[in-house]
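J.:
Residue numbers (our numbering): 158 to 366.
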């Protein structure tokens with residue numbers, strides 16, 4: 158998919174996931190030293206994900222708490238999310254899996270065990286609020302335990318605060334369409350300029366909690 162200049166935010170090669178035993182790690186989306194979300198294995202039974210101020214996940218509009226919406230490729234994640242919402246207060250203990258089954262919070266948003274799909278999020282740093290999307294895989298485990306529960310395979314956000322990003326936008330391809338004849342003529346007279354924001358990569362931070 159072509160990009161307007163998204164900044165890469167990717168997990169490690171093996172993906173970002175909760176511990177395989179009771180515990181949690183933090184996800185610092187942009188590597189600024191402040192955690193935006195927390196991934197948790199609770200008592201080796203529940204795999205949860207937590208919003209940390211001011212990080213938020215896109216949730217279904219009808220969901221009243223602990224929402225984690227499944228989004229289609231091409232969906233715009235930004236200040237306005239038609240048919241969906243960001244909660245005002247952080248949602249804690251969003252249950253994604255439970256004893257090798259899909260968790261109640263993920264289930265009501267249409268997720269199923271073994272699925273790979275897309276979610277949306279936002280977070281803030283010193284520059285402002287950024288919008289992004291991620292790809293997640295739900296992982297069944299053996300013997301009724303939680304295992305890791307899920308893995309965030311990749312995540313991307315837009316480098317410009319307040320700018321929407323389309324699910325599936327990875328910053329690849331040509332970011333600027335071919336100019337028209339009229340525009341070329343205008344450029345020739347020095348009346349306008351085109352610029353392209355260059356994607357830059359970032360690494361998800363997993364910090365033991």
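Think of the CB as a built atom: it goes at the ideal place given N, C-alpha and C, for glycine as much as any other residue.
Small disclaimer: the values here were computed from a predicted structure and weren't measured.
Quick check for students: name the residue ranges of the beta strand (DSSP E) that lie wholly in the segment 215–272, counting only runs of 3 or more.
T.: With a minimum length of 3 residues, the continuous beta strand (DSSP E) runs that stay inside the segment 215–272 are 251–255.
J.: Once DSSP output is grouped into helix, strand and coil, what is the label at residue 183?
T.: The residue given as residue 183 occupies position 26 in the chain shown. Of the three classes helix, strand and coil, the one that applies to residue 183 here is strand, per DSSP.
J.: Of the residues 272, 258 and 253, which one's Cα is nearest the Cα of residue 195?
T.: Along the chain shown, read from residue 1 onward, the residue named residue 195 stands at position 38. Of the candidates 272, 258 and 253, the one whose C-alpha sits nearest the C-alpha of residue 195 is 253.
J.: Would you say residue 321 and residue 235 are within 8 Å of each other, going by their C-beta atoms?
T.: By one-based count along the chain shown, residue 321 stands at place 164. By one-based count along the chain shown, residue 235 stands at place 78. For residue 321 and residue 235, yes; Cβs fall inside 8 Å.
J.: With H, G and I counted as helix, E and B as strand and the rest as coil, what does DSSP make of residue 274?
T.: Sequence index remark: in the chain shown, residue 274 carries index 117 (1-based). Looking at residue 274 - three-state DSSP - the assignment turns out to be strand.
J.: When the Cα of residue 309 is compared with those of 215, 291, 186 and 319, which residue comes out closest?
T.: Within the chain shown, numbered from 1, the residue matching residue 309 stands at position 152. When each option's Cα is compared against that of residue 309, the closest is 291.
J.: Roughly how many angstroms separate the alpha carbons of residue 209 and residue 193, rounded to a whole number?
T.: Counting from 1 along the chain shown, the entry for residue 209 is found at position 52. Counting from 1 along the chain shown, the entry for residue 193 is found at position 36. Roughly 5 Å separates the two Cα atoms.
J.: Considering only the alpha carbon of each residue, which of 324, 306 and 280 lies closest to residue 184?
T.: Translated into the one-based positions of the chain shown, residue 184 becomes position 27. Measuring from the Cα of residue 184, the nearest candidate turns out to be 280.
J.: Opposite residue 201 in the DSSP bridges: which residues?
T.: As a working note, residue 201 is residue 44 in the chain shown. Answer is none; residue 201 lacks a bridge partner.
J.: According to DSSP, which residues form a beta bridge with residue 208?
T.: Residue mapping note: residue 208 aligns to position 51 of the chain shown, counting from 1. 194.
J.: Straight-line CA distance for residue 197 to residue 181?
T.: Numbered from its first residue, the chain shown carries residue 197 at position 40. Numbered from its first residue, the chain shown carries residue 181 at position 24. Their Cα atoms are separated by approximately 4 Å.
J.: Use the C-beta contact count for residue 226: other C-beta atoms within 10 angstroms, 16 or more gives buried, fewer gives exposed.
T.: In the chain shown, the residue the question calls residue 226 occupies position 69. Counting Cβ neighbours within 10 Å, residue 226 comes out buried, since at least 16 surround it.
J.: Ordered along the chain, which non-local residues of its own chain (more than five positions away) have a Cβ less than 8 Å from that of residue 284?
T.: For this step, residue 284 is matched to residue 127 along the chain shown. If we look at residue 284 and ignore the five residues flanking it on each side, its Cβ neighbours are 318.
J.: What are the partner residues of residue 323, as DSSP defines its beta bridges?
T.: Within the chain shown, numbered from 1, the residue matching residue 323 stands at position 166. Beta-bridge pairing links residue 323 to 233.
J.: Closer than 8 Å by C-beta to residue 289: which residues in its own chain qualify, once you throw out the five before and the five after it? Chain order, please.
T.: Residue 289 sits at position 132 when you count from the first residue of the chain shown. Answer for residue 289: 166, 186, 234, 277, 278, 279, 280, 312, 313, 314, 315 and 322, listed in chain order.
J.: Counting C-beta neighbours from all protein chains within 10 Å, is the total for residue 218 16 or more, i.e. buried, or is it exposed?
T.: As a first step, residue 218 is located in the chain shown; it is residue number 61 there, counting from the start. Exposed.
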